[in-house]
Amino acid sequence: AIFPPHFIPSAFVVQFQKQGKDIDKVKQRVRVCNLVLSLNCQFYRALNIRVALVGLEVWSDVDKCPITQDPFTTLHEFLDWRKVKLLPQKPHDNAHGVYFQGTTIGMAPIMSMCTAEQSGGIVMDHSDNPLGAAVTLAHELGHNFGMNHDTPERGCGCRVTVDRGGCIMTPSTGFTCNPDCEGVSGRGHCQKWQHVERRKTKSVKKREEKNTFAVV
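Going by full-length UniProt numbering, the first residue of the sequence shown is number 1, and it counts up by one from there.
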């Protein structure tokens, strides 16, 4: 199927302390993640989606929302801060917070793209290789688009085997962003989201009070 084009302006928010308080190093790390995601990862290009970095905020003094060991708390706090503070200052469709503590490498609400309340997620910078965070970010964006985890039980049709990096929407992602990734269930969910988008007249739509969250 040929998907209609979609452009997703995205914002990144990054903690500062882990990078030795070197702001240039932090910015370079996030730019590498954005480059891998928007230019080299064929997974979203195949769906006719371009994710572009339109805003970068570095918390250089203190965290502007609570960052805890509990990923659910951190996610809720970040999304609340995004809606109240970040979104009015910098218009965007999606935002992810890159943090450096905890045991969960990523979490995002499912089917929440372009909403004021839930369009975003958290990604842990879990490796010295920035590609690790970039692939996790691509995975969490998939959840925002409505994609669940692809598993053999769910009929994932991806040709990429685990030893070659696996499907981008597998429960645990590696460093590979393989251009052959073509999960059937992932495409189906994304097509459903795009169908909803075509019926909307505004970027932000009303959401149900209860949301589903996916954890890497």
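C-beta atoms are modelled at their ideal positions from N, C-alpha and C, and glycine is treated no differently. Fair warning: this is a prediction, and the values are worked out from it, not measured in the lab.
Thinking C-beta only, is residue j closer than 8 Å to residue i?
i	j	result
ALA108	LYS83	no
GLY120	HIS143	no
HIS96	VAL123	yes
VAL30	LEU47	no
GLY146	ILE168	no
LEU87	GLN118	no
Can you give the beta carbon distance from residue i to residue j, rounded, assuming they're within the 8 Å contact cut?
i	j	result
SER112	VAL54	That pair is no contact at about 18 Å.
HIS76	GLY106	With 8 Å as the limit, HIS76 and GLY106 do not qualify as a contact, their Cβ atoms being about 15 Å apart.
VAL14	VAL51	17 Å between Cβ atoms; not a contact.
If I measure Cβ to Cβ from residue i and keep anything under 6 Å in the same chain, skipping five residues before and after, which residues do I get?
i	result
ASP125	VAL98, PHE100, ALA133
residue 217	The first residue shown for the chain is 1 and the last is 216, placing residue 217 beyond what the model contains.
residue 237	Outside the displayed range of the chain (1 to 216) lies residue 237, so it cannot be described from this structure.
PRO5	ASN48
Around the Cβ of residue i, are there at least 16 other Cβ atoms within 10 angstroms (buried) or fewer (exposed)?
i	result
THR74	buried
THR103	exposed
Can you give me the C-alpha to C-alpha distance between residue i and residue j, rounded to a whole angstrom?
i	j	result
ARG198	LYS85	Legend: pLDDT at ARG198 = 47, less than 50; position of this residue unreliable, value from coordinates given subsequently. Taking the straight line joining both Cα atoms gives about 28 Å.
ILE172	HIS149	For the record, residue 172 in the displayed sequence is Ser; it is not Ile. Cα-Cα distance, rounded: 9 Å.
ARG45	ASP70	33 Å
ILE23	SER60	8 Å
LYS27	ASP128	15 Å
PHE72	VAL62	20 Å
GLU153	GLN89	43 Å
Starting from the C-beta of residue i, find all residues in its chain whose C-beta is less than 7 Å away, skip the five residues before and the five after it, and write them out in chain order.
i	result
TRP81	LYS64, CYS65
Looking only at its own chain, which residues have a Cβ that is under 8 Å from the Cβ of residue i, when we skip the five neighbours before and after it?
i	result
ASN94	ILE8, PRO9, SER10, ALA11, VAL51, MET113, CYS114, SER119, GLY120, LEU141, ASN144
THR151	THR170, PRO171
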